[in-house]
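Numbering (the working numbering), first residue to last: 1469 to 1711.
Every residue, glycine too, gets a C-beta built ideally from N, C-alpha and C.
Okay, structure first, notes after.
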């Protein structure tokens, strides 16, 4: 598995902060660069004569799976989280506002800025959405806590109940438009196949299978195996002719 990530000294321009201030370094953090790495890796592997005609299977996960959780779970939860960003900034701008925010979210240490709080909430929200796996369904539990607060509960108290915040910030969009933008529901071609399930989560189909797995997950994995099998069979004539 190839992942487009940087660690330690490999980070462009030396650090994350420096990279985001350097237009040239930002190119190394783009989705286009990630695709270029994949293309280069495949090209290099196929330079080996024994692998020249081997088929390549590419799977996409993560972004689409996590973002589509919003629509499938609760629109009121989404709206609460989204509106919390401006409320955090508003309270932070007041006298002793950071102290008040620290109390609402029970921070272990004094907050230095509203952004520090939002960064933490963003991370927690992202993790709960990406790993919304059965039987725990983390994201659903988060939204149940937010939506289940008594009527009249302040927005940040609701958000704190779910320990989450939206990764979409002040972006002007709606839940339906985000859902449409972040997932592919139909096959693009015979070789680019979209598999969709109402209860999917981050990399769930790639985890080890178990006898206790739900029927829909078992069926999804079987469909994936069929696609891989067909792909291998279609590539065999070329492989045989070149051996």
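Between the CA atoms of residue j and residue i - distance to the nearest angstrom
{"i": "residue 1641", "j": "residue 1550", "result": "Only weak support exists for where residue 1641 lies, its pLDDT of 49 falling under 50; the coordinates are left without a value."}
{"i": "residue 1672", "j": "residue 1562", "result": "43 Å"}
{"i": "residue 1514", "j": "residue 1674", "result": "25 Å"}
{"i": "residue 1667", "j": "residue 1688", "result": "11 Å"}
{"i": "residue 1491", "j": "residue 1498", "result": "11 Å"}
{"i": "residue 1576", "j": "residue 1567", "result": "12 Å"}
{"i": "residue 1483", "j": "residue 1474", "result": "10 Å"}
{"i": "residue 1596", "j": "residue 1545", "result": "13 Å"}
{"i": "residue 1479", "j": "residue 1656", "result": "34 Å"}
{"i": "residue 1685", "j": "residue 1508", "result": "33 Å"}
{"i": "residue 1713", "j": "residue 1693", "result": "Only positions 1469 to 1711 of the chain appear in the structure, and residue 1713 is not among them; the question remains open."}
{"i": "residue 1697", "j": "residue 1525", "result": "11 Å"}
{"i": "residue 1506", "j": "residue 1500", "result": "10 Å"}
{"i": "residue 1516", "j": "residue 1502", "result": "23 Å"}
{"i": "residue 1631", "j": "residue 1659", "result": "41 Å"}
{"i": "residue 1542", "j": "residue 1593", "result": "14 Å"}
{"i": "residue 1691", "j": "residue 1683", "result": "12 Å"}
{"i": "residue 1493", "j": "residue 1681", "result": "43 Å"}
{"i": "residue 1676", "j": "residue 1598", "result": "17 Å"}
{"i": "residue 1409", "j": "residue 1519", "result": "Any question about residue 1409 goes unanswered here, given that the chain covers just 1469 to 1711."}
{"i": "residue 1611", "j": "residue 1587", "result": "19 Å"}
{"i": "residue 1535", "j": "residue 1496", "result": "Confidence is the limiting factor: at residue 1535 the pLDDT is only 43, short of 50, which leaves the residue's position unreliable, though a coordinate-based value still follows. When rounded, the distance between both Cα atoms is 23 Å."}
{"i": "residue 1485", "j": "residue 1548", "result": "30 Å"}
{"i": "residue 1481", "j": "residue 1619", "result": "49 Å"}
{"i": "residue 1488", "j": "residue 1654", "result": "35 Å"}
{"i": "residue 1477", "j": "residue 1510", "result": "25 Å"}
{"i": "residue 1578", "j": "residue 1504", "result": "43 Å"}
{"i": "residue 1565", "j": "residue 1580", "result": "11 Å"}
{"i": "residue 1450", "j": "residue 1591", "result": "In the structure displayed, the chain extends from 1469 to 1711; residue 1450 sits before or after that span and is not available."}
Under 8 Å between C-beta atoms of residue i and residue j
{"i": "residue 1569", "j": "residue 1585", "result": "yes"}
{"i": "residue 1614", "j": "residue 1661", "result": "no"}
{"i": "residue 1521", "j": "residue 1703", "result": "yes"}
{"i": "residue 1663", "j": "residue 1523", "result": "no"}
{"i": "residue 1572", "j": "residue 1628", "result": "yes"}
{"i": "residue 1560", "j": "residue 1574", "result": "no"}
- Is the stretch 1609–1629 in contact with the stretch 1552–1569, if contact means three or more CB pairs nearer than 8 Å? yes
- In chain order, which continuous runs of the alpha helix (DSSP H) of length 4 or greater are located wholly inside the stretch 1557–1625? 1565–1572, 1582–1598 and 1606–1615
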